[in-house]
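J.: Let me begin by handing over the structure; questions about it come next.
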Amino acid sequence: MSTPTRESAGDPIRLQFEDNRLLARLYGEHDQHLARIEQQLGVELAQRGNQLAISGPAEEAATARDALTALYRRLKKGKDVDMQEVDAAVRLAARGSAGQSELEVVTRRRVITPRSPTQADYIKALEEFELVFGLGPAGTGKTYLAVAIAVALLTSGRVDRIILSRPAVEAGERLGFLPGDVREKVDPYLRPLYDMLPADQVVKRLGNGEIEVAPLAFMRGRTLSNAFIILDEAQNTTPVQMKMFLTRLGENSRMAITGDLTQIDLPLGARSGLDDAIDTLQGVPGITFIRFTDQDVVRHPLVTRVVRAYDAKDRRLLETARAKAQRATDG
Numbered sequence: 004m005s006t007p008t009r010e011s012a013g014d015p016i017r018l019q020f021e022d023n024r025l026l027a028r029l030y031g032e033h034d035q036h037l038a039r040i041e042q043q044l045g046v047e048l049a050q051r052g053n054q055l056a057i058s059g060p061a062e063e064a065a066t067a068r069d070a071l072t073a074l075y076r077r078l079k080k081g082k083d084v085d086m087q088e089v090d091a092a093v094r095l096a097a098r099g100s101a102g103q104s105e106l107e108v109v110t111r112r113r114v115i116t117p118r119s120p121t122q123a124d125y126i127k128a129l130e131e132f133e134l135v136f137g138l139g140p141a142g143t144g145k146t147y148l149a150v151a152i153a154v155a156l157l158t159s160g161r162v163d164r165i166i167l168s169r170p171a172v173e174a175g176e177r178l179g180f181l182p183g184d185v186r187e188k189v190d191p192y193l194r195p196l197y198d199m200l201p202a203d204q205v206v207k208r209l210g211n212g213e214i215e216v217a218p219l220a221f222m223r224g225r226t227l228s229n230a231f232i233i234l235d236e237a238q239n240t241t242p243v244q245m246k247m248f249l250t251r252l253g254e255n256s257r258m259a260i261t262g263d264l265t266q267i268d269l270p271l272g273a274r275s276g277l278d279d280a281i282d283t284l285q286g287v288p289g290i291t292f293i294r295f296t297d298q299d300v301v302r303h304p305l306v307t308r309v310v311r312a313y314d315a316k317d318r319r320l321l322e323t324a325r326a327k328a329q330r331a332t333d334g
């Protein structure tokens, strides 16, 4: 691929691709990938042979250039490009992080790359720190990426087992009220594993204990060594439960704690153990906090808009409550 050129501020940025065979996959069926970039960035992409001209505001045109360059490099490495990868490339390029798309988590079934700068930071943190808190809204990949790192460490022999746990509170109901045994109750939370391991391997490893799924209460009294331990939906723990869980960490183990403090299902007035841990553990060596926002949502674009709408509603309700409390104090 040649160096992009732009003769002056008003001229298009021009890209030239060396391998014409990759262009159909880069542009997408009926040029849908190019159309997506145009829609997201407000630029115009004009192709002629193996050349592509990018017209539009300077910053957005540069973002399109960086995104397309990253996608082309991905294709040259023999990887696929789909609409989600296009969205990820634009998201990374828009925040000056196009190079972070080179990060990879290799599992048996797929190679996972970050789809936002915060995801890249999260992957690095999970590889570097023994205890990582992934905080933020649904759809940002907090649990999925933690499972990916866990699987990569398990299959490479760096840990002996994966332990996935959740508090027994779900959207106002308790797992105890759901039909079936513990495995049947918690199995839906294992679905990311089937993206990363062959199904027979998942079943085998569940059977021999290399992968364990257990409610939080089952962690009491244990020391978890040589393991990657994930506590999901941690906003629904109490401070006592959170302290108990964190102190299970044993030799050669890592923990990932994921949660969204806007989705607490505890009884009204009860403090979340996740919120308490954030306050208590700031600055403790070996622990890091990665905070996702609605900009990191990697599901359907509508999900991002839904998250933002609910966040705006929550802010309005909080402001109303504060104003009401202030009036009561002044009165």
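According to the working numbering, the sequence shown is numbered sequentially starting from 4.
All C-beta atoms in this analysis are idealised placements derived from N, C-alpha and C, irrespective of residue type, glycine included.
Note that the coordinates shown come from a computational prediction; the quantities given were computed from them, not determined experimentally.
Could you check whether Val108 and Leu148 sit closer than 9 Å to each other, using their CB atoms as the reference points?
T.: It is a contact, given that the beta carbons lie within the stated cut-off.
J.: Can at least three beta-carbon pairs, one atom from the region 77 to 93 and one from the region 116 to 133, be found at a separation below 8 Å?
T.: Touching, yes, given that three or more Cβ pairs across the two stretches are closer than 8 Å.
J.: On the criterion of 16 or more Cβ atoms from any shown chain inside 10 Å, does Leu320 qualify as buried, or is it exposed?
T.: So Leu320 ends up on the exposed side.
J.: For the beta strand (DSSP E) that Arg47 lies in, which residues bound it at each end?
T.: It should be pointed out that residue 47 corresponds to Glu in this sequence rather than to Arg. That run of the beta strand (DSSP E) goes Glu47 to Arg51.
J.: Return the CA-CA distance between Gly160 and Glu213, expressed in angstroms with no decimal places.
T.: If you take the alpha carbons of Gly160 and Glu213, they lie about 11 Å apart.
J.: Look up Arg164 in the DSSP assignment and give the residues it is bridged to.
T.: BP columns for Arg164 point to Ala230.
J.: Cutting at 6 Å between CB atoms, please list the residues of its own chain near Ala97, excluding the five before and the five after it.
T.: Closer than 6 Å at the Cβ level, and outside the excluded window around Ala97, lie Thr66.
J.: Looking only at its own chain, which residues have a Cβ that is under 7 Å from the Cβ of Arg352, when we skip the five neighbours before and after it?
T.: Residue 352 is absent from the structure shown; the chain starts at 4 and stops at 334.
J.: For Thr241, which of helix, strand or coil comes out of DSSP?
T.: Reduced to three states, the DSSP call for Thr241 is coil.
J.: Could you please give the first and the last residue of the uninterrupted alpha helix (DSSP H) stretch that includes Met86?
T.: Segment Met86 to Ala97, the alpha helix (DSSP H) holding Met86.
J.: Buried or exposed: Ala49, going by 16 or more other Cβ atoms within 10 Å of its Cβ?
T.: Looking at its Cβ environment, which holds fewer than 16 other Cβ atoms inside 10 Å, Ala49 is exposed.
J.: Check Ala153 in the structure and name its three-state DSSP category.
T.: In the structure shown, Ala153 sits in a helix (DSSP, three-state: H, G or I).
J.: Give me the Cα-Cα distance between Ala3 and Leu157, rounded to the nearest whole angstrom.
T.: Because the chain spans 4 through 334 in this model, residue 3 falls outside it and cannot be assessed.
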